[in-house]
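Quick notes on the structure that follows.
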Amino acid sequence: MPKVPCGGAMKVKFGMCIVAHAPLQEQIRLSVLCEKLGYDTLWFPDHLTFLDQAEGVDAWTVMAAVATQTRKIKLGTAVSDPHRLHPALFAQRAATLDQLSKGRLIVGLGSGESMNLDAFGIPWKDRKVGRVREFVEVFHGLLRGCAMDHDGPLYKLKGARLSVRPYQGRKIPVHLASLGPQMQRLAGQVADGWKPVVIPPTHYDGYFSGIRQAALEAGRNPDEIDRGVPFAFALFDGPQQPTVEQLAAAVRPYAGALVWEPAIEQMGMEWNPPERFRGVGYHTVNPADPESLRLYEEYCRWLPDEMLSRFVVAGPAQRIREQVRAYVQAGVTHFEITNASPDVVSSIVWFACEVMPEFTGRPPTAFARAMNVLIQPLRKLGLMRRLLPKDLDIWKKVGL
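Mapped onto the numbering used here, the consecutive letters of the sequence shown carry residue numbers 436 to 835.
Now the structure itself:
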């Protein structure tokens, strides 16, 4: 199992998932804030619809807006699928955004979810690994700038040539969301990064082993594959420690998306859901079907608190630091953060100042240090939970 090297921190990247239920202007402001705080990446959900009342805005348009307001932070989809767009249109869109952002795009790609497909007449069950493989092949081929011929089972191209290329002709990295063994094998063969579901640190390297083996067989260096993990945390750092019920309440909205049945079984945890929940989960729920949505919501309420605690980290600062450390020792090189904390702004600042530097090899930015000095006393007194960004007008105070 990989270890943090002695005498220096392993350089790790930290990205922030931008929640879709925030108003568009707040998404842009939060993105700018993350860059000022020193985060490495921003991840945007590429959905047509969501399970809650969030607007299904176009991730690519939002990323384009963010690209004009930022300079360094990388932008990625979490995740796109190979069903809704022809790879030629997808490649054109990606190359255009890569030029606009001056080479900062990462494409996150998976096999899709029912909520974005079934209700729109695209069968989610047609999520063959071969479709993803061919999509990636055509995507990269079209972005090389040469005329392309391709005769595959899904796409037929003859002399196809895109008139746009990525920034400075670079290869746009593709990170694959890989759950099953076939997708993991594909990730080892063709992906620049791996985007799994939540896997506890104790089992992370075991899941990566299939990707490592596939990469070696393909003549690739597995150490060059970016190894991601979704990292949901809720910081409770006030004078009074939260109860188990409060911790569970903070993370339960993310339960269905983060708890993965095969990982539960691998960890040896007892898993005996009622029969009605067999096959129910984030990837299978169809929000256009009232019965499917009702069962999913009931399933999320049923998930035991102890199980949630294995997939979402909630509690005091030290517990969150220790979990990050455990993941890095397991081989994670890229954290994709979902922030479930009661006070979002102060916890983002805290994480940038007091967690990230140990693993990135970089000190906190001057902006992050100044913000932490301003906000930390309020957080320690438990006041930030009552001072939401709208009430505090925090955006104006930090020059956003």
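Heads up, the beta-carbon is just placed ideally off N, CA and C, and yes, glycines get one too.
* What first and last residue would you give for the alpha helix (DSSP H) that runs through D740? -> Translated into positions along the sequence shown, residue 740 becomes position 305. Residues D740 to F746.
* DSSP on E793, reduced to helix/strand/coil? -> Working through the sequence shown from its first residue, we reach residue 793 at position 358. Helix.
* Asked: Who are the near neighbours of P636 in its chain, counting only those whose CB is closer than 6 Å to its CB and skipping five residues on each side?
  -> Counted from its first residue, the sequence shown places residue 636 at position 201. The answer, listed in chain order, is A761, Y762 and A765.
* In terms of alpha-carbon separation, which member of T768, A787 and V767 lies closest to N774? -> For this step, residue 774 is matched to residue 339 along the sequence shown. The candidate whose alpha carbon is nearest that of N774 is A787.
* Which residues in the same chain as H518 place their Cβ atom closer than 7 Å to its Cβ, once the five residues preceding and following it in sequence are excluded? -> For the purposes of this step, residue 518 is taken as the residue at position 83 of the sequence shown. Closer than 7 Å at the Cβ level, and outside the excluded window around H518, lie G547, L552 and I557.
* To do: Rounded to whole angstroms, what's the CA-CA distance from K446 to R662? Just pull it up for me.
  => If you number the sequence shown from 1, residue 446 lands on position 11. If you number the sequence shown from 1, residue 662 lands on position 227. Straight-line Cα distance between these residues: approximately 12 Å.
* Asked: Going straight from the alpha carbon of D740 to that of P688, what length do you get?
  -> As a working mapping, residue 740 is identified with position 305 in the sequence shown. As a working mapping, residue 688 is identified with position 253 in the sequence shown. If you take the alpha carbons of D740 and P688, they lie about 12 Å apart.
* Run through DSSP, which three-state label would P657 get? -> Numbered from 1 along the sequence shown, position 222 holds the residue referred to as residue 657. In this structure, P657 counts as helix in the three-state DSSP scheme.
* To do: Flag this pair as yes or no: are the beta carbons of V759 and W695 separated by less than 9 Å?
  => By 1-based counting over the sequence shown, the position of residue 759 is 324. By 1-based counting over the sequence shown, the position of residue 695 is 260. Contact flag unset, no.
* Outcome for F449 when other beta-carbon atoms lying within 10 angstroms are tallied against a minimum of 16 -> To locate residue 449, count along the sequence shown from 1; it is residue 14. Flag for F449 reads buried.
* In chain order, which continuous runs of the alpha helix (DSSP H) of length 4 or greater are located wholly inside the stretch 561–589? -> 564–577
* Taking the Cβ atom as the reference point for each residue, do K471 and F770 lie within a distance shorter than 9 Å? -> Within the sequence shown, numbered from 1, the residue matching residue 471 stands at position 36. Within the sequence shown, numbered from 1, the residue matching residue 770 stands at position 335. No, they are not a contact pair.
* To do: Could you say which of T505, Y731, A749 and R655 lies nearest to A692 if we only look at CA atoms?
  => Taking the sequence shown and counting its residues from 1, one reaches residue 692 at position 257. It is Y731.
* Mind checking which residues open and close the beta strand (DSSP E) that includes M451? => On the sequence shown, residue 451 is found 16 positions in, with the first residue counted as 1. Taken as a continuous stretch (DSSP letters only), the beta strand (DSSP E) holding M451 covers K448 to C452.
* Asked: Relative to the alpha-carbon of I634, which residue among K593, K560, V767 and L510 has its alpha-carbon at the smallest distance?
  -> Here residue 634 is taken as the residue at index 199 of the sequence shown, counted from 1. Of the listed residues, the one whose Cα sits closest to I634 is V767.
* Is A653 buried or exposed, if buried means 16 or more other CB atoms sit within 10 Å of its CB? -> Locating residue 653 in the sequence shown gives position 218, where the first residue counts as 1. It is exposed - the Cβ of A653 has fewer than 16 other Cβ atoms within 10 Å.
* To do: Report the option in F485, P725 and H521 whose CA atom is closest to the CA atom of E572.
  => For the purposes of this step, residue 572 is taken as the residue at position 137 of the sequence shown. Ranking the options by Cα distance to E572, first place goes to H521.
* Range covered by the alpha helix (DSSP H) that runs through G623 -> Taking the sequence shown and counting its residues from 1, one reaches residue 623 at position 188. Start and end: P616 to V625.
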